[in-house]
Amino acid sequence: MNRRSFIERSALLMAGLFSLPAIRNQAHTIRKKAGIESKEFVFAAICSAGRFEQLKEMLKPSSGIRLVRYSPARAIRRKVSAAWIERGYRQRQKHIIRLLTAGIPVLAEAPYNEGISAFDTLQKTASSVTVPAGIAHYHRFLPACFSARELLLSGRIGKISSVQVQINQPENDPLLPFSPNLPEAPLLVILNLMQWLLSQPLLAIRISRKETAVPASAISSGIIMGAMEDFPVRIATTPDFYDKNGAWSILFIGEKGQIRLGANNLLEIIDASGRWQNLSKEDPNKASLSVRMCFEDFALAVKEGRQPEGKTTDMLPDSLLLNGIHQSLQSGKGELLVELPFGKAIRL
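First residue of the sequence shown? That's 11 in the numbering used here, and the numbers climb one at a time after it.
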């Protein structure tokens with residue numbers, strides 16, 4: 011390289027360094043004119059450090075979402091795009107209302123395990139603000155759940171005569187909550203999913219209360235009966251001998267066939283020959299996909315100014331079910347039928 015070319019290149023480099031602001035401004039103008047300027051979507055995760063690392067790993071491939079771990083107060087100060095709050099966070103109800111009032115969209119993790127009066131307070135707050143508020147139903151974003159809902163609503167197996175819900179080992183499903191303080195949490199999530207799949211509410215539940223020295227729970231009681239509008243629901247919370255390693259399953263029995271939906275994206279259907287046909291095998295990796303899709307759907311809802319897939323009203327079934335379960339378990343001896351206030355319930 012000769013001396014002249016070296017000096018000329020050095021001069022050009024120095025000129026470029028001193029004109030960086032001008033270059034940035036020009037690039038900004040080009041992006042703006044081209045319509046490709048985009049604001050980074052900052053999602054504040056309000057949770058424990060361990061849960062944050064787990065969530066960050068699941069959301070790694072998400073484009074346009076930056077996950078940060080903030081306290082509710084810091085999320086408000088930083089004016090983040092949205093906040094996600096884990097199910098076990100202390101005083102979660104108070105923080106959700108505080109965030110919404112500050113104009114921060116909130117995605118609360120299912121189940122919504124606050125009482126009915128707390129839900130009413132939340133609903134009033136959500137109705138008075140313009141930002142989206144919802145609950146994260148991860149299972150709804152599993153491909154198998156999408157397919158099962160389409161099959162059921164299209165009448166593939168005809169009129170439903172009964173539904174059987176089996177809870178085996180909920181800890182084997184990474185999308186299900188596990189809390190010693192709320193053993194009913196997995197049951198709430200699965201029953202909420204069942205109602206979404208059928209597009210109709212659970213009208214009544216009946217729980218047999220066990221006479222034990224240890225406080226009973228719906229999980230330890232073994233069998234719960236429920237009722238939809240036209241058919242019963244049998245809910246078994248003790249592991250099935252033939253499938254005790256599976257996390258959970260929902261069996262829909264119709265006049266033309268049966269559909270079985272299970273954990274980790276399992277979907278089976280009985281074909282015309284009467285044999286089970288596997289439409290989707292178990293795949294634990296689908297858990298990360300469903301979480302990403304849930305977050306991305308909420309982010310898109312915020313940008314478009316619409317309600318997300320999991321709307322605030324979706325929190326009501328969780329509150330009603332939990333309230334009904336607690337009433338049943340605390341009623342004393344025998345059994346109690348709890349009618350949920352959606353309409354006329356079938357006597358079980």
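Yeah, the Cβ is synthetic: ideal placement off N, Cα and C, and Gly gets one too.
- When DSSP reads this structure, A118 sits in a beta bridge with I95 and I145.
- Residue pairing for S283: DSSP places it in no beta bridge.
- Residue environment: G74 is assigned as exposed (fewer than 16 neighbouring CB atoms within 10 Å of its CB, all protein chains considered).
- The alpha carbon of M325 has as its nearest neighbour, out of N202, A246, V243 and A311, the alpha carbon of N202.
- Annotation for S259: no alpha helix (DSSP H) segment contains it, though the beta strand (DSSP E) segment containing it runs W258 to G264.
- Closest by C-alpha distance to I279, out of N288, G320 and E265, is N288.
- Counting only runs that start and end inside the region 164-219, the alpha helix (DSSP H) elements of at least 4 residues fall at 195-208.
- Membership of F62 in any beta strand (DSSP E) is not indicated; the residue belongs instead to the alpha helix (DSSP H) covering A59 to M68.
- Within the model, the alpha-carbon separation for I245 versus V173 is close to 8 angstroms.
- The alpha-carbon separation between P71 and L77 amounts to approximately 12 angstroms.
- Residue pairing for K291: DSSP places it in no beta bridge.
- Remark: C-beta atoms of F53 and C304 do not approach each other more closely than 9 angstroms.
- Around the CB of L163, fewer than 16 other CB atoms lie within 10 Å, so the residue is classed as exposed.
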